[in-house]
Structure formats: C-alpha cells, structure tokens
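Peer 1: Heads up: the sequence shown runs through residues 1 to 321, numbered per the UniProt record's numbering.
The C-beta atom is built at its ideal place from N, Cα and C for all residues, glycine as well.
Keep in mind the model is a prediction, meaning the values are calculated, not measured.
To start, I am sharing the structure in question, which I have written as structure tokens.
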Amino acid sequence: MGAVNSIVTGIKNYSKKDGNKNIVLLAVYLIIQTSVFAMLTPFFITAANFQNLMRQTAELGMVTIPLAIILMTGNIDLSIGSVMGVCAISLARLLKTGMNIWLAVLITILIGAAIGSLNGFLVARMHLAGIVATLGTQVMLRGVCNILTGGRPVSGLPQQFLSCANIRILGMPVSFIFMVVIFMIAIFIMQKTSFGIRVHAIGYNPKTSVYSGLGSDKIKFIMFTLSGAVAAIAAAFMLMRFASAESKFASGYDTDTLTSLLIGGISIAGGSGNMIGALLGFITIATLRNGLNHLGVSAIFQTVILGVLIIVSAVNFKKKN
Numbered sequence: 001m002g003a004v005n006s007i008v009t010g011i012k013n014y015s016k017k018d019g020n021k022n023i024v025l026l027a028v029y030l031i032i033q034t035s036v037f038a039m040l041t042p043f044f045i046t047a048a049n050f051q052n053l054m055r056q057t058a059e060l061g062m063v064t065i066p067l068a069i070i071l072m073t074g075n076i077d078l079s080i081g082s083v084m085g086v087c088a089i090s091l092a093r094l095l096k097t098g099m100n101i102w103l104a105v106l107i108t109i110l111i112g113a114a115i116g117s118l119n120g121f122l123v124a125r126m127h128l129a130g131i132v133a134t135l136g137t138q139v140m141l142r143g144v145c146n147i148l149t150g151g152r153p154v155s156g157l158p159q160q161f162l163s164c165a166n167i168r169i170l171g172m173p174v175s176f177i178f179m180v181v182i183f184m185i186a187i188f189i190m191q192k193t194s195f196g197i198r199v200h201a202i203g204y205n206p207k208t209s210v211y212s213g214l215g216s217d218k219i220k221f222i223m224f225t226l227s228g229a230v231a232a233i234a235a236a237f238m239l240m241r242f243a244s245a246e247s248k249f250a251s252g253y254d255t256d257t258l259t260s261l262l263i264g265g266i267s268i269a270g271g272s273g274n275m276i277g278a279l280l281g282f283i284t285i286a287t288l289r290n291g292l293n294h295l296g297v298s299a300i301f302q303t304v305i306l307g308v309l310i311i312v313s314a315v316n317f318k319k320k321n
C-alpha cells in the first residue's frame, strides 16, 4: 500500500510541473484506450499484434520526431506523407533495376533530404509560411508520385530487401529499435543542449530570435532537411512491409503525425511542448489505428475520429493559454 501511495504522490508532483499535466492525462488515456481495445477484440493483446504495432509505431514515430521540433520552432510540415510516397516509389524503382540495396537506400535518403532542404529553403530563406510552402510541395510531390507510378503499383521487389522487415533485435523489429534510437537522441538534444533551448526560444518569440543571434533560419533549414531524410528512412521500412509502392503511398501520414503532436501537447504556434508528449502522442495514434482496424472500422470513419481529436486538442490548448 505504501508503494502505491508513493507512486500516486510521485505522479501528482510530476503533473504539477509546467507542461507535465497533459503528459500524465495522455498516459492515463492511453492506458484506458488500450484496455478498451483489449476487451473488445481478442486479437489486440497478442504477440503477433504487438510486433505489428511496434512496426506501425516505429514508422509513425520516426517522422513525428523531427516534425515535433519543427512545430516547436513555430512552423509546420504538411508534406511528410508525400515525401514518403516519392521516396518509396523511387526506392522501389531503383531496386527493380538490380541496384545494391544499401546504395539504393542511400540515394533514397538523399532524395528525401533534398526535398526537405527545398522546404527549408522556402521557409528559412524565402520566408514563406511553413503551412504555405509545405502545402505546395505536398501537392506537387503527390503529382510526382502519379507520374513515377503511371497509375500502377511498383511491385516485384527483391526478396533480400523485403526480408529485412523480419530482422529482430532483442525480439523487436529493427525499425522499432531505430525509432527508439532517434527518439533518445532527440530527447538528449532538446533537453541537454543549447540547440533545444534555441528551438523553444525561436518558437516562443520568432521576431526577437531573428535579432538575438540564435540562428533561427539555420535551425529551420536543418530541421526541414532532417525531416525529409527521416521520412525517406521511414518510407524504406514501410516499403519492406507492404512490398509495393503506389501513388497514394503514406497519404494519411500528414494527418496522423500532426494529430499525434497536437494531442501530445506540442503547440502548433511554437515555443512549447516536449519529446515525451510527442512519444505518447504517436503511440496513442498508432494504437488507435491498430485497434480500430481490428474492430473493422473503415478508414473513412478513422479519419473522422482523428479530426475530432485535432479539434479537442486545439480547444484544450486554447483553454490552457
């Protein structure tokens, strides 16, 4: 009983700290959500589903992490799904030529980084609003996806590449391990380095940061470039699972990533939020998607649910401020 009281007291003290109340509430919601799905479908709490959930969490988590930092600077990237689409299709086409897998993946990462740097240039150098710049690249890249595929899925990929999806480290998918590593690096950078302090300062007061020598344009350019590179890596892991790429590849990831961060307490206006909230956010969305799929809920209704979550999160943030 004493141990339980100590845990409860610790949670209360943690939630009293600035920004932590939302994290505690989201953690409680995640536990409740998981429990409900476990009761509604017997397939939810199984080893096979946990493996699948880790893969889904990994891919969503990878692209959510850099987007979280972009949001903290007061910007947004709406092109992540389209970047993943172009990268997956490009990788599939490169592999079908017989190119070495590692070389093909490296080229794909460079493609993603190049697209990200385009977004970074438009935002940091041309000073376009992130929502305008990335909406433009989102639409443009989805058109590129249609051109690259010709309206047909790109399949018939080498088995050596597809088998990489089955690699396990300590019983966990390699994609999940990779996501955890990226997340731990992001935690360290945002909490223990001057870079993290500058990111929050830029988002909190963009005008002042321009004249205070924080290097806001440089940071924005770096983060958009990294976002594109990480999106390419996530696309590669996703391609291993699906074994084909089509024009609508990862088309829902723009909504999923943004919803993850909003419910995780990351302010779309910039300057607030932390990586723990981002982590709980994308785990919540991945779990929600997984559970709804097991219950047979259509993708259309899932989108409606995500829309409701975005509105609720926005209202909640408005009340807090």
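#1: On the CB-based measure, 16 or more other CB atoms within 10 Å of its CB, does residue 192 come out buried or exposed?
#2: Quick check on the DSSP output: what are the complete alpha helix (DSSP H) runs of length 4 or more inside the stretch 47-97, in order along the chain?
#3: Count the other CB atoms, across all protein chains shown, that sit within 10 Å of the CB of residue 29; report buried if there are 16 or more and exposed otherwise.
#4: Counting pairs of beta carbons, one from the stretch 215-231 and one from the stretch 100-120, are three or more of them closer than 8 angstroms?
#5: Quick one, are the C-beta atoms of residue 124 and residue 221 less than 8 angstroms apart?
#6: State yes or no: is the C-beta of residue 326 within less than 8 angstroms of the C-beta of residue 150?
#7: Taking the alpha helix (DSSP H) that residue 120 falls in, what are its first and last residues?
#8: Check whether the Cβ atoms of residue 59 and residue 278 sit closer than 8 angstroms, and answer yes or no.
#9: Cβ of residue 245 within 8 angstroms of Cβ of residue 88?
#10: By the DSSP assignment, the alpha helix (DSSP H) with residue 193 in it spans what residues?
#11: Can you tell me whether residue 315 is buried or exposed, with buried defined as 16 or more other CB within 10 angstroms of its CB?
#12: Just mark residue 138 as buried or exposed, buried being the case when its beta carbon has 16 or more other beta carbons within 10 Å.
#13: Taking residue 243 as part of the alpha helix (DSSP H), name the residues at either end of that continuous run.
#14: Tell me the DSSP bridge mates of residue 154?
#15: Which value, in whole angstroms, describes the spacing of the CA atoms of residue 35 and residue 48?
#16: With a Cβ-Cβ cutoff of 8 angstroms, do residue 275 and residue 68 count as a contact?
#17: Indicate the three-state DSSP secondary structure (helix, strand or coil) for residue 167 in the structure shown.
#18: Does the stretch 88-108 come into contact with the stretch 243-261, if we say contact requires no fewer than three beta-carbon pairs (one atom in each stretch) closer than 8 angstroms?
Peer 2: Concretely, from the data shown:
#1: exposed
#2: 47-72, 80-96
#3: exposed
#4: yes
#5: yes
#6: This structure cannot settle anything about residue 326, because the visible part of the chain is limited to 1 through 321.
#7: 101-120
#8: no
#9: yes
#10: Here residue 193 belongs to no alpha helix (DSSP H), and DSSP marks it neither H nor E.
#11: exposed
#12: buried
#13: Run containing residue 243: none; DSSP gives neither H nor E here.
#14: 245
#15: 17 angstroms
#16: yes
#17: coil
#18: yes
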